[in-house]
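**Q** Before we start, here is the structure in question, set down as C-alpha cells.
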Amino acid sequence: MRLILRTTVAVFALLSAFCASAQKKEKEKPLKIKELTQYVDPFIGTGGHGHTYPGAVVPFGMVQLSPDTRLEGWDGSSGYHYTDTTAYGFSHTHLSGTGIADYCDVLFMPTTGTPQLSNKDYRSGFKKKNEDASPGYYKTRLDKYNIGVELTATTRVGVHHYDYPSTPQANIIIDLQHRDEVLDSWIEVVNDHEIRGFRRSKSWATDQYVYFYAKFSKPFKTYGIALDDKLQQGQNKVQGKNVKMYVQFDNPGDVVSKVGISSVSAEGALKNLDAEVPDFDFKKVAKAAKLAWNTELNKIQVEGGAPPVPQQQAENNSYNPFGYPSPKPQKKVAIPDHAKIKQIIFYSALYHCMLAPNVYNDVDGQYRGMDKQIHTANGFNYYTVFSLWDTFRAENPLLTLIDRKRTLDFIKSFMAMYEQGGLLPIWPLASNETFCMIGNHSIPVIVDAYAKGIRDFDAEKAFVAMKAAVNRNQFGLDNYRKTGAVNADVEHESVSKTLEYAYDDWCIAQMAKMLSKPQDYAEFIKRAQYWKNVYNNQNGFMQARDNGAWFTPFEPTEINNNYTEGNAWQYSFLVPQDIEGLIKAMGGKLSFEIKLDELFSTTAKLSGRQQDDVTGLVGQYAHGNEPSHHIAYLYNFTDSPDKTQYYLNKIINEQYTAATDGLSGNEDCGQMSAWYVMSCLGFYNIAPGQQQFQIGIPQFETMIISLENGKRFTVSNPGATVSRSNVYLQGMNLDKKSYNKLYLDYETIIKGGEFEVFTGRLANKLFVQDLEKPTSKITDELIVPNPYIESASKTFKQAISLTIKCADSLAKIYYTLDGSTPDANSALYSKALIISANTTVKAIAINNGKSSFVDEGNFIKIRGDLKLSLTNKYLPNYAAQGDETLVNGIHGTANWRLGNWQGYQNKDLEAIIDMGQIKPVKQVSIGTLQDTRSWIVFPKNVQYWLSDDGKNYKLAATVESKVDVKDLNMQTQEFTAPLNARARYIKVVAKQYGPLPDWHESKGSQSYIFADEITVE
68 MRLILRTTVA VFALLSAFCA SAQKKEKEKP LKIKELTQYV DPFIGTGGHG
118 HTYPGAVVPF GMVQLSPDTR LEGWDGSSGY HYTDTTAYGF SHTHLSGTGI
168 ADYCDVLFMP TTGTPQLSNK DYRSGFKKKN EDASPGYYKT RLDKYNIGVE
218 LTATTRVGVH HYDYPSTPQA NIIIDLQHRD EVLDSWIEVV NDHEIRGFRR
268 SKSWATDQYV YFYAKFSKPF KTYGIALDDK LQQGQNKVQG KNVKMYVQFD
318 NPGDVVSKVG ISSVSAEGAL KNLDAEVPDF DFKKVAKAAK LAWNTELNKI
368 QVEGGAPPVP QQQAENNSYN PFGYPSPKPQ KKVAIPDHAK IKQIIFYSAL
418 YHCMLAPNVY NDVDGQYRGM DKQIHTANGF NYYTVFSLWD TFRAENPLLT
468 LIDRKRTLDF IKSFMAMYEQ GGLLPIWPLA SNETFCMIGN HSIPVIVDAY
518 AKGIRDFDAE KAFVAMKAAV NRNQFGLDNY RKTGAVNADV EHESVSKTLE
568 YAYDDWCIAQ MAKMLSKPQD YAEFIKRAQY WKNVYNNQNG FMQARDNGAW
618 FTPFEPTEIN NNYTEGNAWQ YSFLVPQDIE GLIKAMGGKL SFEIKLDELF
668 STTAKLSGRQ QDDVTGLVGQ YAHGNEPSHH IAYLYNFTDS PDKTQYYLNK
718 IINEQYTAAT DGLSGNEDCG QMSAWYVMSC LGFYNIAPGQ QQFQIGIPQF
768 ETMIISLENG KRFTVSNPGA TVSRSNVYLQ GMNLDKKSYN KLYLDYETII
818 KGGEFEVFTG RLANKLFVQD LEKPTSKITD ELIVPNPYIE SASKTFKQAI
868 SLTIKCADSL AKIYYTLDGS TPDANSALYS KALIISANTT VKAIAINNGK
918 SSFVDEGNFI KIRGDLKLSL TNKYLPNYAA QGDETLVNGI HGTANWRLGN
968 WQGYQNKDLE AIIDMGQIKP VKQVSIGTLQ DTRSWIVFPK NVQYWLSDDG
1018 KNYKLAATVE SKVDVKDLNM QTQEFTAPLN ARARYIKVVA KQYGPLPDWH
1068 ESKGSQSYIF ADEITVE
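Just so you know, we're using this note's numbering here: the sequence shown kicks off at 68 and counts up by one.
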C-alpha cells in the first residue's frame, strides 16, 4: 500500500511539474482566438423534449430567425421539432427551451406558382440531408418549390436569402395570423422594394407588440393583401385580425429579404434595419454573426476531454482479460473521438447559454416597458425573456462570472421593470409579466451580482424593490409571513413555495448585511429558516402542512399540487442556504448521506399525476428539471465527497449527448446547458449570493476562462486525457501550491490563476475526507419550528384523539381549544387530546423564550346519519379526502389545486346517499368546479333521484348548468334542487360534458368533473 501511495505521489509530482511548465509558457503568450463555432451544433436539443430551435441568431439577439415546423403541442413550444419534415415558413422570434409556447412572430414563406395564403397550401416538405445550421446561420431546401433557403441575423434584423428556380411567379408569403391569437395587425406596402407591418398577439404573453419593416433586394412586380383570407383589391394597407399578403417577383433568381423588428414602432424597426444591415450582402451579415459567436465562445477555451483516438484504439486492441497474447489479431473497432464529441456538447451548451435573455430595445434605446408605454434605456441594453426560476441556479452565476457588463444590464432591466410595472420580474416575456413559476428569483441574481462586485446600480432602491416583492400579498406570501410557511389548504404548491421563498429571504438578508441594515438582516435571516416548518422530522421529507397537520396521504414519489413540477424526493434537499441546518435536522452527516444515497439509488417509480417536466431520472433525482440541479454537490458536506464526483460524472455522461435529443429535459433558456458548462469547469455555486463554488470534477485537460478584468483563470485536469475512467479527485494545486479545500472562493477565481486537479480511476477517500468542507449554515436568529398536530381526520362522527408534536425536542408546547391565541400561560401539552365537538386547536412551541408561529387546526363533527356509496370510482390522483369526501363537511374553493375536489373522467359521477330511514328532504345540492383550460368542465346537468328501498328510484329533479364551457374563469357552481319530498335514498348523477370542444387546445380529450360537497337539507 505504501509503495502504491509513493508511486502515486511521484506521478502527481511529474504531472504537476509538466502542467506547470506548459501553463507557464502558455501564460507568456497572448491568448489566441480559436475557431470554436465549428464545435456548436444548434440541432442539439431540437429533438426529445429539449424545445430548442436551430435557426439564425446572434448572442442574446432580439431576432431569432428560424423555421417553424410545428404549430401546436408541448414539444412544439419553440415552433420546431427535429422529427418534423414540413416547414410552414420562417418567423423572426423564438423561445429557447421553454415549456410553454409563444413567439414565432411574422412568418415569411417563399413559394412559386399561384400564391396560396392558407398554411396547409403554402407549406412544404424538406429533407433532413438538406438542412444545416451553425451559429448565426441556417439553411434548407423546400422540396415543394425547389427553393434554397438561407437565414442569418444581426441583433435586431433577420436576413433571408431565397434561391428560386426559374419562374415568373416567385412569391414570398407574409402570414401575420401564424401561430397564436391575433389581437390586431396591419400590413402596408411602402414601394416595390419595401413593406412594413404590425402584429399584436395574445398567448403566454397576453399582450405582445411586434412591428416590422422589410426590404427586398429586388423589386416585386405585384402583390396582394388579404383580410380574412380574401384579397383586398387595390389596397396597399389592410388592418384586422387575419391579415396575410404575398409579394411576387418575375424570375428573380435569388432574393435577399432583410427584416427589422421592434416593440416600439415601424419607424423603430426601420431604424434597426438601416443601422444594422445597410445593404443586401448576406455573406457579410453571416460572417459577422459567426464572428460575434466566436468572440463569445472564446470566453472559455477548452482542450482535451478524453484520450486521443489512437491511444483509445491501442488500449482497446491490447486489452486481454487473461493476460496472454491473443491467438489472432483483434478486429479493429471504430473508436469515437470522445474528446471532440465532448467539446461539441460543451460549446453547444455554451451557445445555448447565450440565446437568452434577449435585447428588447431598439438601436436608439427605445423599448416598450411593462406598463406598455415607450421608454428609453440610457447607458444600457434592456432585456426580456428571463426564465428566472430556472436560470438563477447556474445560467446567471455563469454570466456573472464571464459577462459582468451584460449582467449589470440585466439588473438595470429588472429595475426598469420594477419602476414601470411595480414589481421585480418573475418571468417577463416581451412587455408582459407572465407570473410563470414560483419564487422571486430576480432577487438572487441581483444579490449574487452585488456580492461579486457588480455594483453600478442603485442598491438602496433595489433593496426596497426586493422587500416589496416578498412582502406583497400574492401566491401565498401573506400566509407565509403570517404562519412561517405556505399552507396547503391556503395555496397550491405550498412546499415548493415555502422553500423558494425562504431562499429568496436569505438572499435579502445577505443584501441587508452588505448594506449594513441589521434590523432587516435579523428579519430576513429568520424567514430564511422557514424551511424548518415544512420539514417532517418523522420521515425526513419536506411535506405540506394542512389544517395544522402534515398533508396525508403522503408518498414521497407522488407528484401532486403540493410541489412545483416535482415531488418530496426532489424538494427535500432544496435548502441551499442552510445545508448544515438540514443535515442536523436529518440526524447528522451519516443520515444525510444515506438519504442522498437513497435518492439516487431508489428503484421506486414516480407516482401521482403525469408531469412531463420530471425527466432525466437517476433514482428519484430528476436532472431534466431544475430543483434537482444542486443535489449531486451536497455530498461535499458529508464524509463521502467522492460520491459528488461519481454522480457528476454519471449525470454529465448520461444526461447530455451530441444528438438532437441530447438534453434530458427542457433547455429552459440556458439553465440545462449552464449546469453542464459549470460542472465541466469543475465548480458550481449551489446558493447564488454566497461566495463559495463547490468543487466537482473538471472534464477537460485544460479550461481557460477569460475574465472581463483582463485576467484568466485556468483549470486543468490532465487525467482527463489519460483515461475516461479518471473521475475521482486524487490531488489539487492552486498556483503551484497544494490546495486542501472542497470549494473555490469567488475571489480566488476572479483574481486569476491556475487550478490543477489530478484524477484517477478509484475514489481516494483518504484524500477527500481531509479536505476543508464548504459551509452553508444559518447561525443567527435561530427559530423554533412550528408544532404539528397528528389526527386521523379533519372531520369525525365519533370522538377522536389528537396529539401535538414539535421537531425541536427541547421545546414546550402550549395550546388552546377555544380559538384564542396561545402563549406561555396557556395549557401545557402533556398528553393526547380528546375532541368530541367542533373545535379549533391552536398550539405554539417555546424554547428558551423563543416562540414558534401558531399552528392551527379546525376539526369538524359531521352528520353520522349519512352513508355515501359511489357507483363510479373517483380518480386516484384527485381523491381529496377519500371515500367520504362528498359528505365530509369541507367545501372546496375555486382553487382546485388545494385538493378538496374529487375528480371523475370518462364516466358520470354517480353517488347514493343512505340516510338510514325515510326522512323529509327539503333540498339537495352538489358543488362543482370549472376550469376549462385544465379540462375541468361543469356537468351538463345534475339529476336527483329518490327511493325508499334503494332499488326503485324516481327522478325528482334535473338541474342544468348555467355556465358555458367557453367561460374560462376558474369558478364554482352549486347545482341546487328544491325537492320537498320524503325518501331514504338519494341518488346524485352528474353528467359528463364529454370531449373538449374543437376550439380547445386539447380538443377531443375527455373532460373532468370536479365535485365536492353534497348537501342534504
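Think of the CB as a built atom: it goes at the ideal place given N, C-alpha and C, for glycine as much as any other residue. Source: prediction; values computed, not measured.
1. L417 and I367 - do their beta-carbons sit closer together than 8 Å?
2. With distances taken from CA atoms, which of W141, P643 and D1079 is nearest T842?
3. For L466, which of helix, strand or coil comes out of DSSP?
4. For Y485 and Y450, what's the separation of their Cα atoms in angstroms?
5. Since R612 sits in a beta bridge, which residues does DSSP pair it with?
6. Report the CB separation of G994 from E1080 in whole angstroms; it is logged as a contact under 8 Å.
7. I need the DSSP call for Y155, collapsed to helix, strand or coil.
8. Would you call the segment 887-894 and the segment 926-940 touching, i.e. three or more CB-CB distances under 8 Å?
9. Can you give me the Cβ contacts of E560 inside the same chain, cut-off strictly under 7 Å, excluding the 5 residues immediately before and after it?
10. In whole angstroms, give me the CA-to-CA distance for D875 and Q677.
11. DSSP three-state label for G203, please.
12. Taking the C-alpha atoms as reference points, what is the distance between I772 and L162?
13. Please report the Cβ distance between A616 and V562, rounded to the nearest whole angstrom; I am assuming they are in contact, meaning their Cβ atoms lie under 8 Å.
14. What do you reckon, are the CB atoms on L895 and K879 nearer than 8 Å?
15. By Cβ distance below 7 Å, which residues in the same chain neighbour Y414 in space, the five residues on each side in sequence not counted?
16. Does DSSP classify I408 as helix, strand or coil?
17. Using the DSSP secondary-structure output, state which residues sit across from S805 in a beta bridge.
18. Suppose the cutoff is 6 Å on Cβ atoms and the five residues either side in sequence are ignored; what does the same chain contact list for L649 look like?
19. Determine the extent of the beta strand (DSSP E) in which G456 is found, giving its start and end residues.
20. For F481, I'd like the list of residues in its chain whose CB is within less than 7 Å of its CB, leaving aside the five on either flank, ordered along the chain.
21. Report the three-state DSSP secondary structure of N186 (helix, strand or coil).
22. Considering Cα atoms alone, identify which of G371, Q300 and M578 is closest to P765.
23. Is it buried or exposed, W1066, if we count other Cβ atoms within 10 angstroms and call 16 or more buried?
24. State yes or no: is the C-beta of Q997 within less than 8 Å of the C-beta of V1030?
25. Let's see if you can read the secondary structure: which residues bound the beta strand (DSSP E) around N339?
26. Under 8 Å Cβ to Cβ from G488, same chain only, skipping five residues before and after it: list those, please.
27. Note down, one range per segment and in chain order, each beta strand (DSSP E) of at least 3 residues found wholly within the segment 1000-1048.
28. Determine the DSSP secondary structure at L294, reduced to helix, strand or coil.
29. Below 8 Å, can you find three or more Cβ-Cβ pairs linking the segment 274-289 to the segment 317-333?
30. Which residues in the same chain have their Cβ closer than 7 Å to the Cβ of Y810, if we skip the five residues on either side of it in sequence?
31. Which residues does DSSP pair with S324 in a beta bridge?
32. If the criterion is Cβ atoms closer than 8 Å, does the pair K986 and L1046 meet it?
33. Using DSSP with H/G/I as helix, E/B as strand and the rest coil, what is V954?
34. Along the chain, where does the beta strand (DSSP E) that runs through D572 open and close?
35. Identify the residues that DSSP records as bridge partners of E261: which are they?
36. Take T862 and list the residues in its own chain whose beta-carbon comes closer than 6 Å to its own, dropping the five residues that flank it on each side.
**A** For this structure:
1. yes
2. Restricting attention to W141, P643 and D1079, the CA atom closest to the CA of T842 is found in P643.
3. helix
4. 13 Å
5. W617
6. So it is a contact: roughly 5 Å between Cβ atoms.
7. coil
8. no
9. I505, N628, N629, Y630 and T631
10. The alpha-carbon atoms of D875 and Q677 are separated by roughly 36 Å.
11. Of the three classes helix, strand and coil, the one that applies to G203 here is coil, per DSSP.
12. 28 Å
13. With a Cβ gap of about 14 Å, A616 and V562 do not count as contacting.
14. yes
15. L103, Y106, V107 and L364
16. Three-state result, I408: helix.
17. N800
18. V642
19. The question names Gly, but residue 456 in the sequence shown is Trp. Segment L455 to T458 is the alpha helix (DSSP H) holding W456; no beta strand (DSSP E) there.
20. L491, P492, S509 and I513
21. helix
22. G371
23. Counting of Cβ neighbours within 10 angstroms places W1066 among the exposed residues, the total staying below 16.
24. yes
25. Element bounds for N339: not the beta strand (DSSP E) but the alpha helix (DSSP H), A333 to E343.
26. Closer than 8 Å at Cβ, skipping near neighbours: G436, M437, D438 and E500.
27. 1008-1014 and 1021-1027
28. strand
29. yes
30. Excluding residues within five positions, the ones whose Cβ falls inside 7 Å are Q759, F760, Q761, I762 and P841.
31. H227 and F283
32. no
33. helix
34. Looking at the DSSP string, D572 is not in any beta strand (DSSP E); the run it does join, the alpha helix (DSSP H), is S561 to M581.
35. N258 and K282
36. Excluding residues within five positions, the ones whose Cβ falls inside 6 Å are I927, I929, N955 and G956.
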